[in-house]
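S.K.: Residue numbers (our numbering): -18 to 234. Ideal Cβ placement from N, Cα and C applies to all residues, glycine included. All figures in this text were calculated on a predicted structure; none of them were measured in a lab. Dropping the structure in here first, questions after.
See the structure below:
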């Protein structure tokens, strides 16, 4: 217990899925966490389950002004920021020929631009004090998938953006570490929603193909990904920056 004792964190996409699992892990180990999400009802409910060490603030990660307001709210509630976990993300299954321009732009805007805006805002609060920024990328940012062109592009870009930001912070002497966690397929609502948008036969085939790519033979539990976020947020990872922690059941191997 106490691996992130008294640290102050904001977790985007914290209403459910990997974001909520990350918030739970951080609170369990002593942090105070602001859950930030566009889903007000879900975010408030999730924060309520975590007790007085958690709160909720509505945040559209694609809105630069909203980031300032969310960080102000976090600092007012708990104190200066120590940890940013960027978990907000979307994904849909469609080939490059079938995806709409609107869905492409939405995916890039949330998955990539939202992380850029959050990182920039967090660095301004953390520099001079130090801190840890953890982005949720994906193994789908390392390998191509014919049904995930926008998701592939956004997550690959997140991995490279993280390296750039990490080098900048290290060379500037800010004491801010910036890393990514790249999960494989996990049992989250985002995956379930993407599959639900398909014809049932297509969804079953996609899930079967995905499972067949994983040597361990199962999807990850959200808590297994959250444990890696917790590690990177803690002082145990004090010499790790610009790195990508792959948590995929052997898929890339």
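(1) Could you give the uninterrupted runs of the beta strand (DSSP E) lying entirely in the stretch 37 to 83, keeping only those of 3 residues or more?
(2) Using CA atoms only, rank isn't needed, just tell me which of 203, -10, 126 is closest to residue 188.
(3) By DSSP, does residue 170 sit in helix, in strand, or in coil?
(4) Looking at C-alpha atoms only, which residue of 91, 215, 38, 229 is the closest neighbour of residue 68?
(5) I think residue -7 touches residue 99, with their Cβ atoms under 8 Å apart; what is that distance to the nearest whole Å?
(6) Helix, strand or coil: how does DSSP classify residue 231 here?
(7) Could you compute how far the alpha carbon of residue 15 sits from the alpha carbon of residue -2?
(8) Could you name the residues of the same chain whose beta carbon sits closer than 6 Å to that of residue -10, not counting the 5 residues immediately before and after it, in chain order?
(9) How is the alpha helix (DSSP H) around residue 100 delimited, first residue to last?
(10) Give the straight-line distance between the Cα atoms of residue 135 and residue 57, rounded to the nearest whole angstrom.
(11) Which residue marks the beginning of the alpha helix (DSSP H) containing residue 221, and which one marks its end?
(12) At which residues does the beta strand (DSSP E) containing residue 134 begin and terminate?
(13) Can you list, in chain order, the residues of its chain with a C-beta nearer than 8 Å to that of residue 234? Leave out the 5 residues immediately preceding and following it.
(14) On the criterion of 16 or more Cβ atoms from any shown chain inside 10 Å, does residue 27 qualify as buried, or is it exposed?
(15) Given this structure, state the Cα-to-Cα distance separating residue 104 from residue 157, to the nearest angstrom.
(16) Quick one: Cα of residue 170 to Cα of residue 0, how far?
(17) Note down the Cα distance separating residue 83 from residue 202, rounded to an integer number of angstroms.
(18) For residue 209 versus residue 159, is the C-beta spacing smaller than 7 Å?
(19) By a C-beta neighbour count over all protein chains shown, 10 Å radius and 16 as the cutoff for buried, is residue 145 buried or exposed?
(20) For the alpha helix (DSSP H) that contains residue 206, what are its first and last residues?
(21) Have a look at residue 74 and residue 81 and give me their C-alpha separation to the nearest angstrom.
(22) So the candidates are 183, 118, 9, 101; which of them puts its Cα closest to the Cα of residue 35?
(23) Output the boundary residues of the beta strand (DSSP E) element that contains residue 248.
(24) Residue -11 by DSSP, collapsed to three states: which one?
(25) Measuring CA to CA, which of 150, 213, 106, 48 is closest to residue 19?
(26) Look at the Cβ atom of residue 42, then the Cβ atom of residue 95, and state whether they are nearer than 7 Å.
M.R.: Checking against the coordinates, here is how it stands:
(1) Taken in chain order, the complete beta strand (DSSP E) segments of 3 or more residues contained in the stretch 37 to 83 are 64 to 67.
(2) The count along the chain shown starts at 1 and reaches residue 188 at position 207. When only C-alpha atoms are compared, the closest one is 126.
(3) Here residue 170 refers to the residue found at position 189 when the chain shown is read from its first residue. Its pLDDT being 49, under 50, residue 170 is placed unreliably in this model, and the coordinates cannot settle the point.
(4) Position 87 of the chain shown, counted from the first residue, corresponds to residue 68. When each option's Cα is compared against that of residue 68, the closest is 91.
(5) As a working mapping, residue -7 is identified with position 12 in the chain shown. As a working mapping, residue 99 is identified with position 118 in the chain shown. Residue -7 to residue 99, Cβ: 6 Å. Contact.
(6) Locating residue 231 in the chain shown gives position 250, where the first residue counts as 1. In this structure, residue 231 counts as coil in the three-state DSSP scheme.
(7) Your numbering for residue 15 matches position 34 in the chain shown. Your numbering for residue -2 matches position 17 in the chain shown. Rounded to whole angstroms, the separation of the alpha carbons of residue -2 and residue 15 is 16 Å.
(8) Here residue -10 refers to the residue found at position 9 of the chain shown. The answer, listed in chain order, is 7, 12, 14, 64.
(9) Residue mapping note: residue 100 aligns to position 119 of the chain shown, counting from 1. The continuous alpha helix (DSSP H) containing residue 100 extends over residues 95 to 107.
(10) Translated into positions along the chain shown, residue 135 becomes position 154. Translated into positions along the chain shown, residue 57 becomes position 76. Between the alpha carbons of residue 135 and residue 57 lies a gap of roughly 32 Å.
(11) Against the chain shown, residue 221 aligns to sequence position 240. Per DSSP, residue 221 is not a residue of any alpha helix (DSSP H), being assigned neither H nor E.
(12) Taking the chain shown and counting its residues from 1, one reaches residue 134 at position 153. Taken as a continuous stretch (DSSP letters only), residue 134 belongs to no beta strand (DSSP E), being part of the alpha helix (DSSP H) at 130 to 152.
(13) By 1-based counting over the chain shown, the position of residue 234 is 253. Spatial neighbours of residue 234 in its own chain (CB-CB distance under 8 Å, excluding positions within 5 residues in sequence) are listed in chain order as 196.
(14) Within the chain shown, the letter at position 46 stands for residue 27. Buried.
(15) In the chain shown, residue 104 corresponds to position 123, counting from 1. In the chain shown, residue 157 corresponds to position 176, counting from 1. Across the structure, residue 104 and residue 157 are spaced so that their CA atoms are roughly 8 Å apart.
(16) Locating residue 170 in the chain shown gives position 189, where the first residue counts as 1. Locating residue 0 in the chain shown gives position 19, where the first residue counts as 1. Note that residue 170 scores a pLDDT of 49, beneath 50, so its modelled location is shaky; the value from the coordinates is reported in the next line. Going from the Cα of residue 170 to the Cα of residue 0 covers about 11 Å.
(17) Counting from 1 along the chain shown, the entry for residue 83 is found at position 102. Counting from 1 along the chain shown, the entry for residue 202 is found at position 221. Each residue's Cα considered, the two are about 31 Å apart.
(18) Translated into positions along the chain shown, residue 209 becomes position 228. Translated into positions along the chain shown, residue 159 becomes position 178. Not in contact: residue 209 and residue 159 (Cβ atoms no closer than 7 Å).
(19) Looking up residue 145 in the chain shown gives position 164. It counts as exposed.
(20) The residue you call residue 206 lines up with position 225 of the chain shown. Its alpha helix (DSSP H) spans residues 203 to 214.
(21) Your numbering for residue 74 matches position 93 in the chain shown. Your numbering for residue 81 matches position 100 in the chain shown. In this model, residue 74 and residue 81 are separated by some 11 Å (Cα to Cα).
(22) As a position in the chain shown, residue 35 is number 54, starting the count at 1. Nearest of 183, 118, 9, 101 to residue 35, Cα basis: 9.
(23) Outside the shown range of the chain, which is -18 to 234, sits residue 248, and nothing can be said about it.
(24) Taking the chain shown and counting its residues from 1, one reaches residue -11 at position 8. The answer is strand: DSSP assigns residue -11 an E or B state.
(25) Within the chain shown, the letter at position 38 stands for residue 19. Checked all of 150, 213, 106, 48; the closest Cα to residue 19 is 48.
(26) For the purposes of this step, residue 42 is identified with residue 61 of the chain shown, where counting begins at 1. For the purposes of this step, residue 95 is identified with residue 114 of the chain shown, where counting begins at 1. The answer is yes: Cβ separation under 7 Å.
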